[in-house]
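Below is one structure, written out as structure tokens; the observations come after it.
In my numbering, the protein residues as written are 127 to 567.
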């Protein structure tokens with residue numbers, strides 16, 4: 127049996143009670159996030175921004191949720207064409223992720239007694255990765271090729287380093303775990319360590335910067351990355367001849383990017399951990415990712431209502447999210463298990479203390495303590511609501527002048543389910559003009 131003092135038991139139960147009181151605040155955040163996401167999905171970006179700002183002003187987004195606010199505002203500002211502000215918000219998110227991760231690693235297991243929803247949200251692997259994709263495109267909009275290149279490379283670098291990052295984190299947790307419980311602190315693995323989008327953007331930027339050999343190498347890396355991504359369940363990404371056009375800078379001056387769908391949704395998953403340290407099985411709650419398939423089967427871009435150009439999937443962000451989540455999952459399970467053990471110990475100690483005074487009182491206190499413990503255990507369902515699920519792309523060449531590009535999103539039945547017209551101005555000797563669209567269904 128777990129040994130814990132009655133005084134410590136009271137402290138743990140007080141923590142549980144405090145956690146239970148904050149559960150409604152967590153639900154308020156989830157509700158606000160969904161409202162903001164619904165406005166974004168409908169294309170009402172101004173309303174989405176207003177909701178996000180209101181959540182922050184009313185302290186629904188708390189200091190521990192700063193990553194979330196910055197991720198959402200970064201996306202919203204991007205599609206409002208406020209690229210400088212978008213970069214600022216995504217940079218804030220990236221810095222908060224690094225700060226919160228480092229703080230969590232240095233604090234050790236003592237931070238895990240409270241519910242995960244009360245911890246600083248330091249983002250998921252895929253959230254930390256894909257914010258750099260938006261930053262790269264935003265820098266392109268501002269004609270900053272060097273910064274765009276750096277951000278594009280960061281996508282692949284972060285994916286490559288994710289396993290070692292969380293392995294180091296697990297080791298630090300193992301070293302700080304002095305509770306003598308049989309908890310295995312390990313990071314998981316992922317089959318994805320690279321990004322087609324990263325190499326596509328890098329190849330294009332090398333070509334436009336007069337580095338054809340580097341552009342060719344990045345294109346080869348793109349093909350290899352796609353081959354690895356094709357191993358993901360039901361993958362639709364493939365290397366198409368159109369991707370080779372980025373090697374020749376004279377053949378294009380417009381980058382078309384279309385986002386569709388949504389990132390996987392986090393839902394609560396209750397797990398029973400059997401027989402730990404001679405204690406009965408524990409019930410813990412952890413998040414699981416549920417895919418949200420897009421209605422979009424293909425995307426085309428029509429130029430000046432005349433010529434139609436097919437667009438091709440370059441990155442399946444939703445599938446990468448589901449795969450890379452496996453890296454962090456064992457750590458989430460470990461800390462939830464340890465927290466469950468400590469909560470159970472607190473429940474036993476406070477019940478024993480009550481029984482010393484009166485047997486019936488002990489039964490009542492035990493019943494209340496058990497219910498508080500179970501109610502306080504919540505999966506952390508926070509996440510980037512405005513993150514898309516897939517990225518389509520192609521490049522075209524337009525003559526100088528005013529043009530109109532219509533992005534058309536088709537269903538599997540061949541019906542246009544959404545279209546967006548965007549004007550574009552091409553100047554003399556235009557190097558590269560990016561144009562982005564989104565349909566979050």
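We put the beta carbon where it would ideally sit given N, CA and C, even for glycine.
Kindly indicate the opening and closing residues of the beta strand (DSSP E) around residue i.
i, result
"residue 392", "391-399"
"residue 415", "408-416"
"residue 433", "433-441"
"residue 550", "542-552"
"residue 520", "516-522"
"residue 532", "527-536"
"residue 427", "424-429"
"residue 419", "Careful: residue 419 lies outside any beta strand (DSSP E) and carries neither H nor E."
"residue 556", "Element bounds for residue 556: n/a, residue is neither H nor E."
Roughly how far, in whole angstroms, is the beta-carbon of residue i from the beta-carbon of residue j, given that I think they are within contact range, below 8 angstroms?
i, j, result
"residue 158", "residue 194", "No, residue 158 and residue 194 are not in contact; Cβ-Cβ is about 10 angstroms, not under 8 angstroms."
"residue 191", "residue 508", "7 angstroms"
"residue 282", "residue 325", "7 angstroms"
"residue 374", "residue 523", "Between residue 523 and residue 374 the Cβ distance is about 10 angstroms, and since that is not below 8 angstroms, they are no contact."
"residue 226", "residue 258", "In fact, because the Cβ distance is near 17 angstroms, the residues do not count as touching under 8 angstroms."
"residue 455", "residue 358", "The pair is not a contact, with the Cβ atoms about 17 angstroms apart (cut-off 8 angstroms)."
"residue 532", "residue 547", "5 angstroms"
"residue 363", "residue 356", "6 angstroms"
"residue 250", "residue 385", "With a Cβ gap of about 18 angstroms, residue 250 and residue 385 do not count as contacting."
"residue 155", "residue 305", "Residue 155 to residue 305, Cβ: 30 angstroms. No contact."
"residue 566", "residue 167", "4 angstroms"
"residue 209", "residue 268", "6 angstroms"
How about residue i: is its C-beta nearer than 8 angstroms to some C-beta of chain B?
i, result
"residue 356", "The displayed structure is made up of one protein chain only, and chain B is not part of it."
Measuring CB to CB, does residue i end up less than 8 angstroms from residue j?
i, j, result
"residue 453", "residue 289", "yes"
"residue 396", "residue 414", "no"
"residue 425", "residue 534", "yes"
"residue 525", "residue 448", "no"
"residue 274", "residue 285", "no"
"residue 420", "residue 466", "no"
"residue 513", "residue 443", "yes"
"residue 212", "residue 204", "yes"
"residue 276", "residue 372", "no"
"residue 440", "residue 553", "no"
"residue 347", "residue 556", "no"
"residue 564", "residue 460", "no"
"residue 163", "residue 511", "yes"
"residue 398", "residue 409", "yes"
"residue 231", "residue 295", "yes"
"residue 506", "residue 233", "no"
"residue 561", "residue 323", "no"
"residue 328", "residue 278", "yes"
"residue 223", "residue 185", "no"
"residue 173", "residue 165", "yes"
"residue 311", "residue 299", "yes"
"residue 430", "residue 529", "yes"
"residue 228", "residue 202", "no"
"residue 200", "residue 260", "yes"
"residue 412", "residue 458", "yes"
"residue 320", "residue 354", "yes"
Ends of the alpha helix (DSSP H) at residue i?
i, result
"residue 268", "Here residue 268 belongs to no alpha helix (DSSP H), and DSSP marks it neither H nor E."
"residue 218", "209-233"
"residue 176", "171-183"
"residue 196", "192-205"
(message) Under 8 angstroms: do the segment 310-319 and the segment 540-551 share three or more Cβ pairs, one atom per stretch?
(response) no
(message) Under 8 angstroms: do the segment 421-436 and the segment 316-336 share three or more Cβ pairs, one atom per stretch?
(response) no
(request) Could you name each continuous alpha helix (DSSP H) segment of 4 residues or more that falls completely within the segment 317-392, going from the start of the chain to the end? (result) Contiguous alpha helix (DSSP H) elements confined to the segment 317-392 occur at 322-334 and 338-355, taking only those with 4 or more residues.
(message) For a minimum of 4 consecutive residues, which ranges assigned as the alpha helix (DSSP H) are wholly contained in the segment 245-295?
(response) Qualifying alpha helix (DSSP H) stretches, in chain order: 251-267.
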